[in-house]
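Engineer: Handing you this structure, nothing more for now.
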Amino acid sequence: MSEQKKTKAGIPRDQILIISGAPIMSIVIEAMSKLGEKGLLSIRARENNIPRAVVVANILTEKMMQENSQIYRILLDGAMRPDGSMASTIEIIITKI
Numbered sequence: 057m058s059e060q061k062k063t064k065a066g067i068p069r070d071q072i073l074i075i076s077g078a079p080i081m082s083i084v085i086e087a088m089s090k091l092g093e094k095g096l097l098s099i100r101a102r103e104n105n106i107p108r109a110v111v112v113a114n115i116l117t118e119k120m121m122q123e124n125s126q127i128y129r130i131l132l133d134g135a136m137r138p139d140g141s142m143a144s145t146i147e148i149i150i151t152k153i
């Protein structure tokens with residue numbers, strides 16, 4: 057049996073959803089599917105996609121899976137770019153109740 061690859065934070069890669077420029081509801085459907093199947097989901101975004109990550113998390117926990125999910129942790133961070141500027145990041149961890 058092969059061990060599943062995990063991130064530095066210990067979250068399996070198949071439980072991570074990277075927010076992109078795709079339509080919000082298609083991201084929500086994908087997130088709902090992963091959360092329902094795995095029980096834990098890490099939503100990650102950088103820079104201009106941070107508000108989209110917050111919207112996805114809110115739709116999941118407040119509308120779609122209102123009684124069945126909760127936000128477990130929100131992590132805000134920044135990474136230094138080669139040009140010296142900062143790139144903001146967010147990770148929202150949602151658990152199934």
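When the letters of the sequence shown are read in order and numbered with the working numbering, they come out as residues 57 to 153.
Yeah, the Cβ is synthetic: ideal placement off N, Cα and C, and Gly gets one too.
The structure presented is a predicted model; accordingly, all values stated were derived computationally and were not measured.
Excluding the 5 residues flanking Arg108 on each side, which residues of the same chain have their C-beta closer than 7 Å to its C-beta?
Structural biologist: Once the five neighbours on either side are set aside, the close Cβ partners of Arg108 are Ile75, Ile80, Ala101.
Engineer: Starting from the C-beta of Ile127, find all residues in its chain whose C-beta is less than 7 Å away, skip the five residues before and the five after it, and write them out in chain order.
Structural biologist: Excluding residues within five positions, the ones whose Cβ falls inside 7 Å are Ala113, Thr117, Ile148, Ile150.
Engineer: Using a Cβ-Cβ cut-off of 6 Å (strictly less than) and excluding sequence neighbours within five positions of Gly95, which residues of its own chain qualify?
Structural biologist: Cβ neighbours of Gly95 beyond the five flanking positions: Lys152.
Engineer: Exposed or buried, which one is Ile85 when buried takes at least 16 other CB atoms within 10 Å?
Structural biologist: So Ile85 ends up on the exposed side.
Engineer: May I ask you to report which of helix, strand or coil DSSP gives Arg129?
Structural biologist: In the structure shown, Arg129 sits in a strand (DSSP, three-state: E or B).
Engineer: To test your reading of the DSSP string, which unbroken beta strand (DSSP E) runs of 3 or more residues are found completely within the region 80 to 151?
Structural biologist: Complete beta strand (DSSP E) runs here, min 3: 96 to 102, 125 to 136.
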